[in-house]
Amino acid sequence: MLRAAGVGVGDEVVVPAFGNVEVAEAVTLAGALPVFADIDPVTYCLDPDAVEAAVTTRTAAVVVVHRFGRRADIARLHALGQRHGLLVLEQGESETPYDEIAQRRQRAAYLDAKLKGVRTPDGGDGHTYQQYVVRVPGNGRPDRDAFARAVRAKGIECRVPVKTPVHRLPEFRRCVSLPQTELAADETLALPVDAALTKREMHRIVSACNALGGLLQSAF
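Heads up, the sequence shown is in the working numbering, so the first residue is 367 and it goes up one at a time.
Spelled out as structure tokens, the structure:
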């Protein structure tokens, strides 16, 4: 899509650094330079204000990645693109059947109500819960990685969605300030929210997390 739009050598393309190294690689393959902008801490998608700050006379496009079932503020990003004459491309997530989305939302609502000691996701803007991503702040106490190890030891599957932001990878290393991106990479943890989970399995998830959550209360 970038090549088809004429984006190439000498151009800059604003992209997120929170996950999806493939996006930065695609920009490089087109001959352009990926420029990283920070994310909105609620949606984990590109922050329009951060994108605006990253725009230069060489900026040709913005690649917006929708994340975890939350959509970016695409209206503001398209308006920004129109102001600056930029191509705005979107990378979505795999489509989920509506009945499965409804079940995921039910399980997410249960977790929202029961989990303690972690920061649950904001469910606004039609969240489809492709992943149920919580925040586990460190603040000198048990951090996300220790929390994840303890939860896995109790038989609960969980995963770190973004281990290293793209701007910290050797091939794309940039000296750029992306505080929300780096904080999210340090704190986020995806817990199970699959439509197939039973009530007993949901209870096990809550019990395993809450047994540790009390240790994290002072981090808020």
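Just so it is clear, CB atoms sit at the ideal spot from N, CA and C, and this is done for glycine as well.
A quick note: this is a predicted structure, and the numbers were derived from the prediction, not measured.
Per DSSP, what kind of secondary structure is residue i in: helix, strand or coil?
i, result
"N576", "helix"
"T530", "coil"
"A445", "helix"
"A426", "strand"
"P536", "helix"
"T554", "strand"
"Y410", "coil"
"R525", "strand"
"R485", "strand"
"A585", "Per-residue confidence for A585 stands at a pLDDT of 40, beneath the threshold of 50, marking its modelled position as unreliable; the derived number appears in the next sentence. It is helical."
"R436", "strand"
Considering only their Cβ atoms, is the gap separating residue j from residue i smaller than 8 Å?
i, j, result
"A561", "P527", "no"
"V429", "L455", "yes"
"R518", "Y495", "no"
"R437", "D491", "yes"
"A420", "A392", "no"
"V380", "T409", "no"
"V389", "V417", "no"
"P414", "R449", "no"
"R515", "V502", "no"
"V559", "A474", "yes"
"A427", "L452", "yes"
"D552", "G504", "yes"
May I ask which residues mark the beginning and end of the alpha helix (DSSP H) holding residue i?
i, result
"P503", "Looking at the DSSP string, P503 is not in any alpha helix (DSSP H), and its letter there is neither H nor E."
"V381", "Looking at the DSSP string, V381 is not in any alpha helix (DSSP H); the run it does join, the beta strand (DSSP E), is E378 to P382."
"V454", "Note, V454: premise wrong, no alpha helix (DSSP H); beta strand (DSSP E) at L453 to Q457."
"V387", "V387 to L395"
"F513", "R510 to A519"
"V417", "P414 to A420"
"K480", "Y464 to K480"
Should residue i be labelled buried (16 or more other beta-carbon atoms within 10 Å of its own) or exposed?
i, result
"L368", "buried"
"Y498", "buried"
"Q583", "Because Q583 carries a pLDDT of 47, less than 50, the predicted location of this residue cannot be relied on, and the following value inherits that uncertainty. Classification for Q583: exposed."
"V308", "This structure cannot settle anything about residue 308, because the visible part of the chain is limited to 367 through 586."
"H493", "buried"
"L395", "exposed"
"V542", "exposed"
"G397", "exposed"
Assuming residue i is part of the beta strand (DSSP E), what are its boundary residues?
i, result
"P400", "L399 to A403"
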